[in-house]
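Taken in sequence, the protein lines are chains A and B. Counting in our numbering, the first sequence runs from 1 upward without gaps. Counting in our numbering, the second sequence runs from 479 upward without gaps. For each residue, glycine too, the CB sits at the ideal point set by N, CA and C. Only a predicted model underlies this, so the values are computations on that prediction, with no experimental measurement involved. The structure under discussion appears below in the form of structure tokens.
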Amino acid sequence: MKKIAIKCFTIFLVIMFLCTVISRVADSLTVAKVTAETASAKKIEHIVEAEGMVEKNRELAVLTESDLLVKTVYVGEGEKVEENAVLAEIDVTQLEEVMQGIRNEIKVMELQNQQAKKTEENAQTSKETSQNRAKEDYNRTVQENSAMLQKAQKELEAAKEALNAYQKTTEKQITNKNLQQTQGEGEAKEKSVSSENSQATPTLVAQSQVSEESQLESLQAEIKRAQEAYDSAKTSYEQALREAVRQVEDAENALVSQDASIEVNNISIEEKKGKLEKLEKIRQAEGKITAPVSGVIIQSFLSVGQKTTDTACFTMADISSGMRFVAEICKEDAKYVQVGSKVTLKTAGNSMKDLKVESLEKNEDNENLKVTVLLTSDKISIGDSATMTVINQSELYDTAVPYSAIHSEDDRNYIYVAEQEETILRKEYIARAIEVEILDKNEKYAALSAQAIDLETKIITDSDRYIEAGSRVRLQNP
Amino acid sequence: MRITRCAGKLCKTVFLGLCAIITICPLLFLLSGSFMDSLELSELIAPVIQGKEGMAGWHWIPRYPTLQNIIELLLDSPEFYKMFWNSVKITGTILIGQLVFAMPSAWGLARYEFPGKKQIYFLYIILMMLPFQVTMLSEYLVLDKIQLLNSQWSVILPGIFSTFSVFLMYRFFAGIPEEVLEAARMDGANEWQVFCHIGVPLGYAGIISAMVLQFLECWNQIERPMAFLKQKELWSLALYLPEISTEKAGFAMAAAFVALLPALFVFLYGQDYLERGITATVQK
Numbered sequence: 001m002k003k004i005a006i007k008c009f010t011i012f013l014v015i016m017f018l019c020t021v022i023s024r025v026a027d028s029l030t031v032a033k034v035t036a037e038t039a040s041a042k043k044i045e046h047i048v049e050a051e052g053m054v055e056k057n058r059e060l061a062v063l064t065e066s067d068l069l070v071k072t073v074y075v076g077e078g079e080k081v082e083e084n085a086v087l088a089e090i091d092v093t094q095l096e097e098v099m100q101g102i103r104n105e106i107k108v109m110e111l112q113n114q115q116a117k118k119t120e121e122n123a124q125t126s127k128e129t130s131q132n133r134a135k136e137d138y139n140r141t142v143q144e145n146s147a148m149l150q151k152a153q154k155e156l157e158a159a160k161e162a163l164n165a166y167q168k169t170t171e172k173q174i175t176n177k178n179l180q181q182t183q184g185e186g187e188a189k190e191k192s193v194s195s196e197n198s199q200a201t202p203t204l205v206a207q208s209q210v211s212e213e214s215q216l217e218s219l220q221a222e223i224k225r226a227q228e229a230y231d232s233a234k235t236s237y238e239q240a241l242r243e244a245v246r247q248v249e250d251a252e253n254a255l256v257s258q259d260a261s262i263e264v265n266n267i268s269i270e271e272k273k274g275k276l277e278k279l280e281k282i283r284q285a286e287g288k289i290t291a292p293v294s295g296v297i298i299q300s301f302l303s304v305g306q307k308t309t310d311t312a313c314f315t316m317a318d319i320s321s322g323m324r325f326v327a328e329i330c331k332e333d334a335k336y337v338q339v340g341s342k343v344t345l346k347t348a349g350n351s352m353k354d355l356k357v358e359s360l361e362k363n364e365d366n367e368n369l370k371v372t373v374l375l376t377s378d379k380i381s382i383g384d385s386a387t388m389t390v391i392n393q394s395e396l397y398d399t400a401v402p403y404s405a406i407h408s409e410d411d412r413n414y415i416y417v418a419e420q421e422e423t424i425l426r427k428e429y430i431a432r433a434i435e436v437e438i439l440d441k442n443e444k445y446a447a448l449s450a451q452a453i454d455l456e457t458k459i460i461t462d463s464d465r466y467i468e469a470g471s472r473v474r475l476q477n478p
Numbered sequence: 479m480r481i482t483r484c485a486g487k488l489c490k491t492v493f494l495g496l497c498a499i500i501t502i503c504p505l506l507f508l509l510s511g512s513f514m515d516s517l518e519l520s521e522l523i524a525p526v527i528q529g530k531e532g533m534a535g536w537h538w539i540p541r542y543p544t545l546q547n548i549i550e551l552l553l554d555s556p557e558f559y560k561m562f563w564n565s566v567k568i569t570g571t572i573l574i575g576q577l578v579f580a581m582p583s584a585w586g587l588a589r590y591e592f593p594g595k596k597q598i599y600f601l602y603i604i605l606m607m608l609p610f611q612v613t614m615l616s617e618y619l620v621l622d623k624i625q626l627l628n629s630q631w632s633v634i635l636p637g638i639f640s641t642f643s644v645f646l647m648y649r650f651f652a653g654i655p656e657e658v659l660e661a662a663r664m665d666g667a668n669e670w671q672v673f674c675h676i677g678v679p680l681g682y683a684g685i686i687s688a689m690v691l692q693f694l695e696c697w698n699q700i701e702r703p704m705a706f707l708k709q710k711e712l713w714s715l716a717l718y719l720p721e722i723s724t725e726k727a728g729f730a731m732a733a734a735f736v737a738l739l740p741a742l743f744v745f746l747y748g749q750d751y752l753e754r755g756i757t758a759t760v761q762k
């Protein structure tokens, strides 16, 4: 029993020893090897890169007169031309024909002007005559009609006076009658005897009354007639006067209106003379259309055998005013680029530094921003593609860590720090999670708020396996 | 009469058997729990460990046996082995130290007469009876003074000079007949030879029982390591087991069972001597 116990104990110890070794090996396999760094003060650099194209800065149109026959076109779209280079040629023969046609037109218009002037003068003379005549008619009309009106007025006044006189006379007679009537009543009895007399008296009275009434009526009728005559004369006077005035006015108005065709022709003549001058210049240049500045032909609107139009023959980019580089950046990068930011442009084999952002425009189709950089270098041409780099440095942050140390979960950011702890086996590093607030970051570094950690804390930036809070770790760079 | 005797024997056997089973129950508890997963354990003993409502239960044969706890303990817990070997180191050093110091002390007390012997023996008994809590502060101050705190020597040295081993061995050395020693002296053996060739072999039972009992005490001691050892890497196995969380109850049971095994083997070896040692303790 004792021997068995000793044997078992010995075997037990051996097993324990072997398991010790195995467990140590297994334990070392599970310990993550990590790289740790301490936080440092840094400025966070934001590098914004974007690809774009070099475009023209200024575009101008090459113009010529319209309706000219194109004989030859020497350049095509995208071709670089120097100042005064011949772009196209106009048919000079057809040009001269056009010029001659214009001259003829000018001549015709001048003759038309002369004719119009003579006609105007004749019209002026006849119109003056009409005016004089109208005035004479007016005066005569006024004279004649005034006389008639005065006459009618006089007749009316005479009729009124006659009536007034008759009425005065009649009143006297009535007064006398009344006196007589009073005396007559006393003698009425005497008169009543003679009924014939009484019958004869009403007859005499009636007869006198009838004659008085008819006279009154006739006087009134006379007045009425005179009044009507006066009114008629007055109406005729006014009407005649109105007509005469109108005739005078018509005659005067006829004098004011003038023929504008001369002015129109003058204007047309001036225009055609101007066009003629331009055509003359083209003719003197032997029909050649030249480039006003050095640049690149963007568009050509001429075709051989066709006539020129009143729009541009060519549009070209003016190299002398420089070029511009245009690129688009996303909304997230936009906060790092401002007007005036320094830009470096790189093309295949060339690099241009110390350029500046000229403008920033929002693209309405998406939320990107269009960046424009003005170029003056001759190392690059219109149509070349290039890569723009803008480096924006932030303020100095006291606590900056490598971005690989940042972990995110549920909108929370945290880092793992290696803290030394005394464990049963030995002093080990244990990973602890610390929640942090990121102030700024780029692809390499992140700036944390100052309260998060101190500058001696070992921050785990890399691990050869997955770690979580509480994991044991080994520092590769203790 | 015979039937009565048989019945009596049967009752004794049954009763003792029951007592033995009850005694061994904790061991079986550990063993069966080692093969249960955490889900089954939490179903059974959650009211005890996690304070949940209801009564705790147990079934001796796991319904969903698993080797996970054993494998995790044996192959994936270096902390357990660290503390295991700490315990081996502490216990082994104490036992060796006691063999070096306690054996000669016991022999001297048992076989030689010198002034103050009875007083020293009396002192040994008093010191043996004092619990650790009484001597803890004075030990702490002394160890701190000699800068042994937070080192395993703070546990080993007091163990080496434990009085209980001396007492146990004393009883056995005192039981050796003087004539045997006289005979050896007469044969020309010096005191050292007498001690080595006569005293130790004849007192072997006491020595082994003392060693077994000291082993059991040192292997399971908690107070001294907890009081004098600050660093966890110096702790013994007895301090590791309470560190295991309640969520890993199966693992804790497996660890406790494995920790029990060395004491079991030592006990099996020194069973006979232990009986004699217990007898000697009783006579104390």
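- Taking the CA atoms as reference points, A/Thr-347 sits about 55 Å from A/Glu-421.
- In summary, the residues of the region 726-754 of chain B whose CB is separated from some CB of chain A by less than 9 Å are Val-736, Leu-739, Pro-740, Leu-742, Phe-743, Val-744, Phe-745, Leu-746, Tyr-747, Gly-748, Gln-749, Asp-750, in the order they occur in the chain.
- Contact check between the region 21-32 of chain A and the region 549-559 of chain B: three or more CB pairs, one atom from each, fall below 8 Å, which counts as touching.
- Along the region 674-689 of chain B, there is no position whose C-beta sits under 9 Å from a C-beta of chain A.
- As DSSP reads the structure, A/Ser-359 sits in a beta bridge with A/Thr-372.
- Within chain A, the C-beta atoms nearer than 7 Å to that of B/Gln-709 come from Glu-422, in chain order.
- 8 Å or more divides the Cβ of A/Val-73 from the Cβ of A/Gly-295.
- At least one CB atom of chain A sits nearer than 8 Å to the CB of B/Pro-556.
- Closer than 8 Å to the CB of A/Ser-471 there is not a single CB belonging to chain B.
- In the DSSP assignment, A/Glu-422 is bridged to A/Lys-427.
- B/Ile-481 sits exposed, since fewer than 16 C-beta atoms from the chains shown fall within 10 Å of its C-beta.
- Against chain B, the beta carbon of A/Ala-26 has neighbours under 7 Å at Leu-553, Asp-554, listed in chain order.
- Chain-ordered, the chain A residues with CB closer than 7 Å to the CB of B/Lys-560 read Ile-424, Leu-425.
- Listed along chain B, the residues sitting closer than 8 Å to A/Cys-19 by beta-carbon distance are Leu-552, Leu-553, Tyr-559.
- Cα atoms of A/Thr-125 and A/Arg-242: separation of roughly 25 Å, rounded to the nearest angstrom.
- Nearest neighbour of A/Glu-45 by Cα position, chosen from A/Val-70, A/Glu-395, A/Gln-247, turns out to be A/Glu-395.
- With respect to chain A, the C-beta atom of B/Tyr-718 has a partner C-beta closer than 8 Å.
- The beta-bridge partner set that DSSP reports for A/Lys-56 consists of A/Met-323.
- Of the candidates A/Gly-78, A/Glu-83, A/Lys-56, A/Ile-90, the residue whose Cα lies closest to the Cα of A/Thr-64 is A/Ile-90.
- Uninterrupted alpha helix (DSSP H) stretches at least 4 residues long and entirely within the region 481-528 of chain B occur at 516-527, given in chain order.
- In the displayed model, A/Ile-297 falls within a strand according to three-state DSSP.
- Boundaries of the alpha helix (DSSP H) harbouring B/Phe-558: 556-589, taken from the DSSP string.
- The continuous alpha helix (DSSP H) containing A/Asn-266 extends over residues 261-284.
- In the structure shown, A/Asp-365 falls within a coil segment according to DSSP collapsed to helix, strand and coil.
- Between A/Arg-283 and A/Met-99, the C-beta gap is smaller than 8 Å, which places the two residues in contact.
- Under the three-state reduction of DSSP output, B/Asn-547 falls in the helix class.
- Measuring C-alpha to C-alpha distances from A/Gln-94 to each of A/Glu-286, A/Cys-19, A/Lys-3 identifies A/Glu-286 as the nearest.
- Shown here for A/Ala-244: same chain residues with a beta carbon closer than 6 Å to its own, the five before and five after excluded, namely Asp-137, Tyr-138, Thr-141 in chain order.
- Here the region 521-541 of chain B makes no contact with the region 385-392 of chain A; the two share fewer than three CB pairs at distances below 8 Å.
- For the set B/Ile-638, B/Asp-750, B/Pro-543, the Cα lying nearest the Cα of B/Ile-568 is the one of B/Ile-638.
- Checking the DSSP bridge columns, you'll see A/Ala-50 partnered with A/Met-388.
- By the C-beta criterion, the region 523-532 of chain B is judged not to be in contact with the region 696-709 of chain B, since fewer than 3 inter-stretch pairs fall below 8 Å.
- Not one beta carbon of chain B lies nearer than 8 Å to the beta carbon of A/Ser-463.
- Linking A/Lys-107 to A/Ile-269 through their CA atoms gives a straight-line distance of about 9 Å.
- As a beta-bridge residue in DSSP terms, A/Leu-475 pairs with A/Val-34.
- Residue-level contact check: A/Cys-330 does not touch chain B, since none of the beta carbons of chain B fall below 8 Å from its beta carbon.
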